[in-house]
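>
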Amino acid sequence: MAGILNPKTRFMDTFLTQVGRSQSAHWELRFSFATFSDYATFYEADSDNPKRADEAVDRIFFEAHNRPQDQVIPEFDDDGQISFPAGEFELTNGSMLVLSGAAGATEFLAGDALVTSASTAFTDCVDSLKDMQPLRSSDPLRESDDFKVSKYSHEFLMTDTLPIPSTKPRRVSLQNVESLWQDKKLTHIPNFQFMSPINKTSGTVLRDYPKLQQPAPLNFEELMVSLGANDPSGETGVGEPLKVTFPETSKENNLVCQVFEVCSGSVNKLRVIDFGEFEDEDPFSPGKHVFFVGKLFRDDGGEDTFINLFTVIFD
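Position in the sequence shown (first residue = 1) + 3 = our numbering.
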C-alpha cells in the first residue's frame, strides 16, 4: 500500500514504470521523456472566489503507484525481447496473447484473428496516453491543437521489377550482407565510427588499418541515389513514394512514431535508425530528417545485420 506524502518535503511524487525498474536493474535505463499528470487529484472552487481553485494543502495525498496505462510505448530490451500489456491483450516476443478469466488464462492468437486484434491492441497505446492525463500547454493563438493525417492506409505496388529491380538478386545470404559496424546507415554514430589506433602521447598512427565501412552519403542527393529513388535514367528504382501530410498539428509538431509488422503468425515491432537531418534550401520547412525502418538479424558468425525495409523522410 502506498504511503502518505509529507506536504512539508514532497508536494509532488515521481516514480519509474515497471519497465523502467527492470531496465535500471540491468543498467539499461535511458531517460527520453518525462510527463506530469494531475489525475490523482481534483479541483474545487475557492469559497471566496469561485473562479479560483481552492488550496489543497490540507488534503491527504498518497504516494504515486504504477498502473498498466503508464507504459505507452512497447520497448525492446538489450536482448531484443519485448513485452507490452495492451488492455485485454499482451504482446510478448512476437506473440499476441488474449488475457481472460479470473485465473489469468491466456490464448495465443493466429491467422485472421491475430491480424484483426493487432489493430485493437495498438490502439491501447493511445488510450494509455489519454488515461495518463498528462499536462500540457495550450497555444491561445491557434484555432486547433488537433492532429490529422492526409492518409490512413496505403498499398505499395510490388511487381517483378519493383521495389527490387530484375537485375538485382532476389535472395541474399546474411553472411554477404554488411554487419552493423560496416553499414553506412550507422557511420554517423560515434560507437560505429572508424578509429585507427594511435599513440596517446604523440598522436602517431600505430598502424594503417583499412577502413571496411561503406562510404556514407555526404548530402541528401547522394542518399537518394544510393536508395534508388533518383535513378539517372529518369526511372524510380523503388517505386512511387508515399507522401503523407499533416493538415492539422501542433506548433512544435512533436511526433512519436512506431512501426509494426503484422503477419498471420506474429506481431513484431520494427527497428528504427535515426540517420540525422540533411540541410536543404526550403525556406518554409528547412531540413529533411531521415529514418531507416527495418529488421535486425544475426548471422552464423554472431554479427548483427540491419535489413532496411522502409526509408521515412520528415520534411
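We put the beta carbon where it would ideally sit given N, CA and C, even for glycine.
Can you give, in chain order, each stretch of the beta strand (DSSP E) that sits fully within the stretch 41 to 90 and has at least 3 residues?
Annotation note: the stretch 41 to 90 contains the following uninterrupted beta strand (DSSP E) runs of length 3 or greater, listed N- to C-terminal: 86 to 89.
> Rounding to the nearest angstrom, what Cα-Cα distance links D2 and R62 in this structure?
What the structure shows of the chain is the stretch from 4 to 318, and residue 2 is not part of that stretch, so it cannot be assessed.
> Go through the stretch 166 to 234 residue by residue and report every complete run of the alpha helix (DSSP H) that reaches 4 residues or more, in order.
223 to 230
> Would DSSP call E255 helix, strand or coil?
coil
> Could you tell me the boundaries of the beta strand (DSSP E) in which K151 lies?
Run containing K151: none; DSSP gives neither H nor E here.
> Identify whether E238 lies in helix, strand or coil by the three-state DSSP scheme.
Unreliable positioning characterises E238 in this predicted model, as indicated by a pLDDT of 47, which lies under 50. The coordinate reading is nonetheless provided below. Residue state, collapsed to three classes: coil.
> Among residues of its own chain, excluding the 5 on either side of V75, which ones have a beta-carbon nearer than 6 Å to its beta-carbon?
Here the set comprises C128, S131 and L132.
> Compare the Cα-Cα distances from F295 to each of H29, F150, V275 and P289 and report the closest residue.
V275
> Beta-carbon within less than 7 Å of F125's beta-carbon, same chain only, minus the 5 sequence neighbours each way: which residues are those?
F263
> Using the Cβ count rule (16 or more neighbours within 10 Å means buried), how would you classify V152?
exposed
> Note down, one range per segment and in chain order, each beta strand (DSSP E) of at least 3 residues found wholly within the stretch 268 to 304.
Fully enclosed beta strand (DSSP E) runs of 3 or longer: 270 to 272, 274 to 281 and 291 to 301.
> What residues in its chain sit with their C-beta under 6 Å from that of V208, if we drop five residues either side in the sequence?
The answer, listed in chain order, is S199 and I201.
> What is the DSSP secondary structure of V1, counted as helix, strand or coil?
No answer is possible for residue 1: it lies beyond the span of the chain, which begins at 4 and ends at 318.
> Tell me whether I18 is buried or exposed, calling it buried when 16 or more other Cβ atoms sit within 10 Å of its Cβ.
Residue identity differs from the one stated: residue 18 is Phe in this sequence, not Ile. Exposed, by the Cβ-count rule.
> So L1 packs on T308, CB below 8 Å; how close in whole Å?
Look at the range of the chain in this structure, 4 to 318, and you will see that residue 1 is not part of it.
> Spell out a yes or no on whether the stretch 143 to 158 and the stretch 244 to 261 are touching, meaning 3 or more CB-CB pairs, one atom from each, closer than 8 Å.
yes
> Which partner residues of E93 appear in the DSSP bridge assignment?
DSSP lists P88 and L100 as partners of E93.
> Would you kindly report the start and end of the unbroken beta strand (DSSP E) that includes D142?
Taken as a continuous stretch (DSSP letters only), D142 belongs to no beta strand (DSSP E), as it is neither H nor E.
> Have a look at T248 and F39 and give me their C-alpha separation to the nearest angstrom.
30 Å
> Please classify F111: is it buried, with 16 or more other beta-carbons within 10 angstroms of its beta-carbon, or exposed?
exposed
> So, using beta-carbon positions, are K272 and P77 closer together than 8 Å?
yes
> Where do the ends of the beta strand (DSSP E) carrying T314 lie?
D307 to F317
> Between the C-alpha atoms of E238 and E181, what's the straight-line distance to the nearest angstrom?
The predicted model places E238 with a pLDDT of 47, which falls under 50 and marks its position as unreliable; any figure quoted below should be read in that light. Cα to Cα, E238 sits roughly 27 Å from E181.
> Put V129 into one of helix, strand or coil per three-state DSSP.
helix
> Please report the straight-line C-alpha distance between A113 and S269, rounded to a whole angstrom.
CA-CA distance, A113 to S269, rounds to 7 Å.
> Can you tell me whether V22 is buried or exposed? The criterion is at least 16 other CB atoms within 10 Å of its CB, across all chains shown.
Taking all protein chains in view, the Cβ of V22 is crowded by 16 or more other Cβ atoms within 10 Å, so the residue is classified as buried.
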